[in-house]
Structures are given as structure tokens and as C-alpha cells.
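J.: Structure in C-alpha cells, see below.
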Amino acid sequence: MIIASVNNDTKDVKLASVYRDTLLNVYDDTYSKANAAYAKSPEAAVNMLNRNMDLNITDYATVNFSALTEIVDALDGLDIDMSYAEIVHMNSYCEETSKETGKPYEPIELPERPEDIEKIDYRFHLNGVQVTSYCRIRYTASLDMGRTERQRKVIQLIVQKAKKAGLPTIFKVMDAVFPMVSTSMDKTVIGYSLNETTGFPSSIKFSNVKGSVIVPTKEGTSEADLVSNVIALHKFLYGDEAYTPSSTVQEISAKIAEIVSGLGELEDTQKITAEDENT
């Protein structure tokens, strides 16, 4: 899930990824991973974001594997810098992505294994199946935080390339992709700039409650705290220096703290469980 804040005066767009494993009030005072809301419906996901983050999102667009693959192929692929670990995982995901989308790909031949497999040291021109598979990677050292960063990077590259390609290519992309997009919107934003991106929560720890979850924390501490992260989000999205969280956000924050309080110290690293592997 990515929140897009569109400023119609400055033509700027900001993106904030919501980490899928974040412990939040997903629906009906049920506390679970944020992605559980989208499993019910896009509207449930929008309601979850508005409730937990004091937002007023009214529109959404959902895009599947095939749509992203079509976009990238319509733009003749993207040049992406990668690490050795990303190459390995991308190749692994490509087989399933190709089967899902019905699109072909060629596996990237692995270079000699470097000492630091996480170092971004290689550049490849990737087609739609490969880019979509790249966006799915979550088992490098940066886990889901790395995956959301890759997704935002790909969106930025798509916007940059589409602008250079011109309107005929943009219209070609629209014709190919719109049938695969579920959205509440009836207009498209063209001519905007996408520069700043971030992830939410901005300060995190991990806990093994309800599977391995991400816990929003007060920066520099192990104290569970949604409030400070929502404040940071509003500052990023809207430049709001004087925002005060609602009583709803404060209550959710207290409940999250209560849920994780009996489990000892929060962890600095995420421990993937069998349950997490299957979600």
C-alpha cells in the first residue's frame, strides 16, 4: 500500500509506503498486520489508513502484476541498479510472475558472488516480468522496508521515462493498463513531479505477536508509539508542523503498546516465521 499526496498547486506528488506487517487497527478494533485490511477490500484498506493515520483518503487505485508488467513493457523496460542478492531473488520470482502474467523473460546470468551480496553494484535493463519480480523481493537484509523502497523507485523510474516518451506512449500505456486497474477515480494526473518518498512507520521495532509484526515506536527508543509516527507522516505529506493527533489515533497507539507490552523487549531485527512465509 502506498499513500500518494498530490499537490495541485505545486504539481508535486509525495509517496509514503505503509509496511505490510505494521500492527494496526485493521477493522472493527481487530489488531493485526496492515495488509489484512486490503485482504477484505480496497475500501477496507482505505478506511484502515484513514482511521490509524488521521487521513482523509477518498480515492484509490489497485494494480495487479499484469498491469505493472504491461506498463514497463510499453515503456520498453527500465534500467535498474541491483545487488547480487536482488538478482538472485528476482530470478526466483520471475518464474511465478511470468506464469501469472503470461509474459516471457530471460533469467539474468549471475555474476561471480561478491563478498558483500547486498551492495548495489550492477545495472540491468529489465523487462516487465523482471521489474514486477524485482518489486516483489522482500527477503534481502532490508526485508519489507527494502521491498517498499524498490516499489517507490520503480514508480519514480516509470514516471521519469513516461515523461520523456511523450503523450503517444502515455496513451498507449493507458490503453493497455486501465482495464487491469480497479479505481474509484475518474481522471488521470499527467505533468506532475514525483520526488520525495518515504516509508511508514518511520521508526520501528519488531515483535512476534500475531506472527512477526512491525511495531511503530518513538524514535530512538523501544517504546511502542503510533502517535509520533503519524505526526511525522503528516509533516512529510502536508508540511504540517502543528498537527495534533486525534483521540482515535492516541487510543490506537495505546492499544498497540498494550498488545506488545507483555512480550518483553521489542526486537531490532525481524524474525520471519512459517506463518510469515505463507503471506
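Those letters in the sequence shown? Residues -2 to 276, per this note's numbering, in order. Note that the Cβ used here is the ideal one computed from N, Cα and C, for glycine as well. All of these numbers come straight from a predicted model, not from anything done at the bench.
How about the stretch 103 to 123 and the stretch 75 to 95: do they share at least three Cβ pairs that are nearer than 8 Å?
T.: Short answer: they touch.
J.: Between the Cα of Leu107 and those of Met87, Ser95, Glu97, Glu92, spot the shortest distance and give me the residue it belongs to.
T.: Minimum Cα distance to Leu107 is reached at Met87.
J.: Pro213 bridges to which residues according to DSSP?
T.: Per DSSP, Ile201.
J.: From the DSSP output, which residues share a beta bridge with Thr59?
T.: Per DSSP, Ser179.
J.: How would you call Arg110, buried or exposed, if buried means at least 16 neighbouring beta carbons within 10 angstroms?
T.: It is exposed - the Cβ of Arg110 has fewer than 16 other Cβ atoms within 10 Å.
J.: On the criterion of 16 or more Cβ atoms from any shown chain inside 10 Å, does Asp289 qualify as buried, or is it exposed?
T.: The structure shown does not extend to residue 289, since the chain spans only -2 to 276, so no value can be given for it.
J.: I'd like to know if Gln153 contacts chain C, where contact means its C-beta is closer than 8 Å to some C-beta of that chain.
T.: The question asks about chain C, but that chain is absent: this structure has only one protein chain.
J.: I'd like to know whether the C-beta atoms of Val69 and Val10 end up nearer to each other than 8 Å.
T.: No, the Cβ-Cβ distance between Val69 and Val10 is not below 8 Å.
J.: In chain order, which continuous runs of the alpha helix (DSSP H) of length 4 or greater are located wholly inside the stretch 215 to 250?
T.: Whole alpha helix (DSSP H) segments, 4+ residues: 223 to 235.
J.: Is Thr19 buried or exposed, if buried means 16 or more other CB atoms sit within 10 Å of its CB?
T.: Result: buried.
J.: Which residues mark the beginning and the end of the beta strand (DSSP E) in which Val10 is found?
T.: Residues 9 to 15.
J.: Let me know the alpha helix (DSSP H) ranges lying completely inside the stretch 18 to 67, each 4 residues or longer, listed in chain order.
T.: Entirely contained in the stretch 18 to 67, the alpha helix (DSSP H) runs reaching 4 residues are, in chain order, 32 to 37, 39 to 50.
J.: Which residues in the same chain as Gln153 place their Cβ atom closer than 6 Å to its Cβ, once the five residues preceding and following it in sequence are excluded?
T.: Counting only Cβ-Cβ distances below 6 Å, and skipping sequence neighbours, we find Leu191.
J.: With which residues is Thr194 paired in a DSSP beta bridge?
T.: Thr194 pairs with Leu12.
J.: Which residue or residues does DSSP assign as beta-bridge partners of Leu263?
T.: Leu263 is not bridged to any residue.
J.: Indicate whether the contact test is met: 3 or more Cβ pairs, each with one atom in the stretch 129 to 144 and one in the stretch 23 to 38, closer than 8 Å.
T.: The answer is no - the stretch 23 to 38 does not touch the stretch 129 to 144, with fewer than three Cβ pairs under 8 Å.
J.: Alpha carbon to alpha carbon, how far is Glu103 from Arg48? Give it in angstroms, no decimals.
T.: Spanning the two alpha carbons is a distance of roughly 43 Å.
J.: Suppose only complete runs of 3+ residues qualify. What are the beta strand (DSSP E) ranges in the stretch 107 to 176, listed by chain order?
T.: If we require 3 residues or more, the beta strand (DSSP E) runs fully inside the stretch 107 to 176 come out as 117 to 123.
J.: Residues in the same chain with beta-carbon distance under 7 Å from Thr266, minus the five sequence neighbours each way, listed in chain order, please.
T.: If we look at Thr266 and ignore the five residues flanking it on each side, its Cβ neighbours are Phe203.
J.: Bridge partners of Leu75, per DSSP?
T.: According to DSSP, Leu75 bridges with Leu123.
J.: Pull up the DSSP beta-bridge partners for Asn4, would you.
T.: According to DSSP, Asn4 bridges with Asp9.
J.: Tell me which same chain residues have a C-beta within less than 7 Å of the C-beta of Thr66, skipping the five on either side of it?
T.: Closer than 7 Å at Cβ, skipping near neighbours: Thr98, Lys100, Gly125, Val126, Thr129.
J.: If you run the structure through DSSP and keep just helix, strand and coil, what is Ile105?
T.: It is coil, neither helix nor strand.
J.: Indicate whether Val43 and Tyr57 have their beta-carbon atoms separated by less than 8 Å.
T.: Yes, the pair counts as a contact, with Cβ atoms nearer than the cut-off.
J.: Whole-angstrom Cβ separation of Lys30 and Val246, contact assumed at under 8 Å?
T.: The Cβ separation is near 18 Å, so there is no contact.
J.: At what residues does the alpha helix (DSSP H) containing Lys96 begin and finish?
T.: Element bounds for Lys96: 81 to 98.
J.: Alpha carbons only, please: which of Leu263, Pro198, Ser95 is nearest the one belonging to Arg17?
T.: Of the candidates Leu263, Pro198, Ser95, the one whose C-alpha sits nearest the C-alpha of Arg17 is Pro198.
J.: Might you give, ordered along the chain, the residues of its own chain that have their beta carbon closer than 6 Å to the beta carbon of Ser63, omitting 5 neighbours on each side?
T.: These residues qualify, in order along the chain: Thr98, Met177.
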